[in-house]
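Here the structure comes first, spelled out in structure tokens, and everything after it is commentary.
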Amino acid sequence: MIGILIPAHNEEDLLDDCLSAAMRASRHGLLAGERVEVLVVLDSCTDRSAQIVSRYPVQSLHIEARNVGQARAAGAQVLLERGARWISCSDADSRVADDWLVAQLGLGADAVCGTVTVERWHESFNEAAQIRYHSHYQARDGHRHIHGANLGISADAYRWAGGFPPLVCDEDVQLVRQLELSGADIAWSHRPRVHTSARLDSRARGGFGDYLRNLAQL
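In terms of the UniProt record's numbering, the sequence shown opens at residue 1 and continues consecutively.
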């Protein structure tokens, strides 16, 4: 079984698009009918996120941690207990490509770090800020970016690395660092495609949204 893991904290505005994309990826023909389970970890949600999730054939887990590292770790544990051999992580403000799972698995690695494409730039993120972003971002194979919105890992490699740490941000970065220390084969690839939002009010302090906001203020 393949698991898709999506943490969410008050994501009613973007969750529909996220789940629709995840469902399309889960039904890709090249998966040869392998079962795919989507799990949304609803962390301290006070909006309509739970109602949106209930409209889809997906699993949900409710926690009250307000901590993305704990949310990802709790979700990963559930998926492992349900027999997942591979866990693909994304974010609730992101849309994975239809061939996202196929692209990750096709790389034959222990883990895959993919890139993201930002869409619909925030109005305060002017042309100069966009140029700064693209001058630093490596949208190519061999990049060294780490995004929780586009990360895949085998069950064995996840266990070797000790899982997601309970951090409020950079839980994905720390997991990948532990993977490197464990000797895991990591593919740094542009093939698995994910579109993510350019919102500046990030859910996790120190995350991608804060990075964009800092660029916008330079």
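By construction, the Cβ of each residue, glycine as well, lies at the ideal position given by its N, Cα and C atoms.
- Contact between Cys18 and Arg95 holds: their C-beta atoms lie close to 6 Å from each other, under 8 Å.
- In terms of Cβ geometry, Gly3 and Ala65 do not form a close pair [threshold 8 Å].
- Exclusion of the five residues before and after Ala139 leaves Thr115 and His190 as the residues of its chain whose Cβ lies within less than 7 Å of its Cβ.
- For Ala74 and Cys169, the gap between their C-alpha atoms comes out near 15 Å.
- The C-beta separation of Asp110 from His28 comes to about 22 Å, leaving the pair out of contact by the 8 Å criterion.
- When DSSP reads this structure, Ala84 sits in no beta bridge, so it has no partner.
- Boundaries for His134: no beta strand (DSSP E) harbours it, while the alpha helix (DSSP H) harbouring it runs Glu127 to His136, taken from the DSSP string.
- Secondary structure at Leu151: strand, using DSSP grouped into helix, strand and coil.
- Rounded to whole angstroms, the gap between the alpha carbons of Arg177 and Ile131 is 29 Å.
- Between the C-alpha atoms of Val53 and Ala161 there is a straight-line separation of about 30 Å.
- Collapsing the DSSP output to three states places Glu180 in a helix.
- Here DSSP, grouped into helix, strand and coil, assigns Ala109 to coil.
- Straight across, the Cα-Cα distance linking Thr117 with Arg82 is about 31 Å.
- The DSSP-derived three-state label of Val38 is strand.
- Shown here, Asp43 sits in a strand according to DSSP, grouped into three states.
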